[in-house]
Amino acid sequence: MRCQHCGEVAVISMPQHRLKLCEKHFPLWVERRVARTIESFQMFSSDDRLLVAVSGGKDSLALWEILLRLGYQADGLYIHLGIEHEGYSHVSQSYAEAFAATHPDATLHLVDVRARYGRSIPELAREGGRRACSRCGMIKRYIMNRTAREGDYDAIVTGHNLDDEAAQLLQNNLYWLRGYLQRQAPVLPQTCQGLVRKAKPLCLVAERESAAYTFVRGIEYIQQECPHSAGATSIFHKKILNDMERRSPGTKLQYYQGFVRARQDGFIIGDEDTPPLEECERCGQPTTANALCAFCRMLETEET
Amino acid sequence: MDNNHEATLKYHEQEWQINSGMTIRHAIEKVGLDPQSVLAIRQKKLVNHQTIVEPKDEILLVNVISGG
Chain A
0 MRCQHCGEVA
10 VISMPQHRLK
20 LCEKHFPLWV
30 ERRVARTIES
40 FQMFSSDDRL
50 LVAVSGGKDS
60 LALWEILLRL
70 GYQADGLYIH
80 LGIEHEGYSH
90 VSQSYAEAFA
100 ATHPDATLHL
110 VDVRARYGRS
120 IPELAREGGR
130 RACSRCGMIK
140 RYIMNRTARE
150 GDYDAIVTGH
160 NLDDEAAQLL
170 QNNLYWLRGY
180 LQRQAPVLPQ
190 TCQGLVRKAK
200 PLCLVAERES
210 AAYTFVRGIE
220 YIQQECPHSA
230 GATSIFHKKI
240 LNDMERRSPG
250 TKLQYYQGFV
260 RARQDGFIIG
270 DEDTPPLEEC
280 ERCGQPTTAN
290 ALCAFCRMLE
300 TEET
Chain B
0 MDNNHEATLK
10 YHEQEWQINS
20 GMTIRHAIEK
30 VGLDPQSVLA
40 IRQKKLVNHQ
50 TIVEPKDEIL
60 LVNVISGG
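These protein sequences, in sequence, are chains A and B. Reminder that position 68 of the first sequence reads as 67 in numbering that gives the first Met the number 0, one-by-one numbering, no gaps. Reminder that position 15 of the second sequence reads as 14 in numbering that gives the first Met the number 0, one-by-one numbering, no gaps.
As structure tokens, this is what we get:
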């Protein structure tokens, strides 16, 4: 199997693009694809300061590398969740730090949830009788927005890839979660003061392309899965979509891009009566709730 | 086939002895994995799934599906 650009041995075949590329041309292709995605969705400009949410995993580190190579001012944010199973949080932090150490122009911000808020994510979830993943998502969104505001960043960027987005779309479609469908987008603009724009520049890069990119670029990442993700519905949905992809290459891309176009054309109507965003009385972060945001309510409830 | 013609496929804690001469894709399918969900690494290099497995090869399969 040969590279379609230069005839060298190809390292990857991407049937959905009818493309086979070698280790030199594949990473360049990924970087160009991300650059085009940023441009076509007007995610951010070259003057913007970006905060990359890094987990130590393949997608976020690949994204950080790509943004730096494309010349963006991109700093990282690692949130230490306090997941102690097999040292998961410590190990993933070490990968984020190792990456940052080789990129001296970029800063890595570290937020330790337990050190700052008194309890780790698993502890907060246990106290509230919730699943760790639901607490984790809410807490990470809060910390990302707060860190971006405090650091005067123009946009938060996350490493959600095509498979993540297609699996999320399948989940939202299956249960017709209109509010989630309306909010699922490659870029979420700043809709009110204090809510920082969010973008997903890898949304058109497949998960295996993102993983292959890290190998070819020599980026070390944590291969261990979050212990709380065992049996996650998103993995089940990804496997279903991969079955469809094998039978019909390009299915995931068409599914997601079709949705994005439909959303842009106004075919997706969210929940009616979405309340306007206001400032949380305690922390000043935007919230749809009266008085306290979900994060401050969680801390208050679990303090009592 | 004698052991000299066998190769090794590794995935997490699992390990399989496979015959050389087939493609990596065929080998992945033969051990019951989905080729879409893994990358193949040989001698620390990414290799495509159409690569022919050579005798004594050690091929590491890396999961690419993450959840959460």
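Cβ coordinates follow ideal geometry from the N, Cα and C atoms, glycine included.
Decide if residue i is buried, meaning its Cβ has at least 16 other Cβ atoms within 10 Å, or exposed.
i, result
"Gly289 (chain A)", "It is worth fixing the name first, because residue 289 (chain A) is Asn in this sequence and not Gly. With fewer than 16 Cβ atoms within 10 Å of its Cβ, Asn289 (chain A) is classed as exposed."
"Asp74 (chain A)", "buried"
"His159 (chain A)", "buried"
"Leu49 (chain A)", "buried"
"Asp163 (chain A)", "buried"
"Val30 (chain B)", "exposed"
"Pro226 (chain A)", "exposed"
"Thr101 (chain A)", "exposed"
"Glu206 (chain A)", "buried"
"Gln183 (chain A)", "buried"
"Ile239 (chain A)", "exposed"
"Glu64 (chain A)", "buried"
"Leu123 (chain A)", "buried"
"Gln304 (chain A)", "Any question about residue 304 (chain A) goes unanswered here, given that chain A covers just 0 to 303."
"Lys55 (chain B)", "exposed"
"Glu85 (chain A)", "exposed"
"Arg130 (chain A)", "exposed"
"Gln284 (chain A)", "buried"
Skipping 5 residues on each side, what residues in its chain have a beta carbon closer than 7 Å to that of residue i?
i, result
"Gly249 (chain A)", "Gln15"
"Val112 (chain A)", "Ile78, His79, Leu80, Gly81, Ser119, Ile120 and Ile138"
"Ala9 (chain A)", "Met0, Arg1, Cys2, Lys19, Leu20 and Cys21"
Is the separation between the beta-carbon of residue i and that of residue j shorter than 8 Å?
i, j, result
"Leu298 (chain A)", "Thr286 (chain A)", "no"
"Val46 (chain B)", "Ile27 (chain B)", "no"
"Leu60 (chain B)", "Val37 (chain B)", "yes"
"Phe294 (chain A)", "Tyr152 (chain A)", "no"
"Phe25 (chain A)", "Ile218 (chain A)", "no"
"Arg32 (chain A)", "Leu161 (chain A)", "no"
"Val29 (chain A)", "Val156 (chain A)", "no"
"Leu201 (chain A)", "Ile267 (chain A)", "no"
"Ala306 (chain A)", "Tyr212 (chain A)", "Any property of residue 306 (chain A) remains undetermined from this structure, which presents chain A solely from 0 to 303."
"Leu67 (chain A)", "Ala105 (chain A)", "yes"
"Gln49 (chain B)", "Glu244 (chain A)", "no"
"Val52 (chain B)", "Ile17 (chain B)", "yes"
"Ala154 (chain A)", "Arg115 (chain A)", "no"
"Ala95 (chain A)", "Gly128 (chain A)", "no"
Assuming residue i is part of the beta strand (DSSP E), what are its boundary residues?
i, result
"Leu59 (chain B)", "Glu57 to Asn62"
"Lys199 (chain A)", "From DSSP, Lys199 (chain A) is part of no beta strand (DSSP E); its letter is neither H nor E."
"Ile78 (chain A)", "Gln72 to His79"
"Asn18 (chain B)", "Gln13 to Asn18"
"Lys9 (chain B)", "Glu5 to Tyr10"
Where does the unbroken alpha helix (DSSP H) through residue i begin, and where does it stop?
i, result
"Ile11 (chain A)", "Premise fails: Ile11 (chain A) lies in the beta strand (DSSP E), Ile11 to Met13, not in any alpha helix (DSSP H)."
"Asp153 (chain A)", "Looking at the DSSP string, Asp153 (chain A) is not in any alpha helix (DSSP H), and its letter there is neither H nor E."
"Tyr255 (chain A)", "Thr250 to Gln263"
"Thr213 (chain A)", "Glu206 to Val215"
"Thr157 (chain A)", "No alpha helix (DSSP H) holds Thr157 (chain A); DSSP gives it neither H nor E."
"Val112 (chain A)", "Val112 to Tyr116"
"Val328 (chain A)", "An answer regarding residue 328 (chain A) cannot be provided, because it is not within the stretch 0 to 303 covered by chain A."
"Ile23 (chain B)", "Ile23 to Lys29"
Quick one: what's got a C-beta closer than 6 Å to residue i's C-beta in the same chain, skipping five residues either side?
i, result
"Leu252 (chain A)", "Gln15"
Leaving out five residues before and five after residue i in sequence, what residues of the same chain have Cβ atoms less than 8 Å from its Cβ?
i, result
"Glu14 (chain B)", "Thr7 and Leu8"
"Asp270 (chain A)", "Arg177, Gly178 and Gln181"
"Ala231 (chain A)", "Cys132"
"Thr190 (chain A)", "Leu276"
"His4 (chain B)", "Asn18, Ser19, Gly20 and Pro54"
"Val215 (chain A)", "Val10, Glu22, Phe25 and Pro26"
Closer than 9 Å, Cβ to any Cβ of chain A: which residues of the segment 14–39 of chain B, in chain order?
-> Asp33, Pro34, Gln35, Ser36, Val37 and Leu38
Chain B contacts made by the segment 193–224 of chain A, where a contact means CB separation under 7 Å
Glu206, Arg207, Ala210, Ala211, Phe214, Val215, Gln222 and Glu224
Next item on the list: Name, going along the chain, the residues of the segment 1–20 of chain A whose beta-carbon falls closer than 9 Å to a beta-carbon of chain B.
Entry: So the close ones are Val8, Ala9, Val10, Ile11, Ser12 and Lys19.
key: Positions along the segment 30–56 of chain A whose CB lies within less than 7 Å of some CB in chain B   = Gly56
- prompt: Of the residues that make up the segment 59–73 of chain A, which ones have a beta carbon closer than 9 Å to any beta carbon in chain B?
  reply: Near chain B, meaning a CB-to-CB distance below 9 Å, no residue of the segment 59–73 of chain A qualifies.
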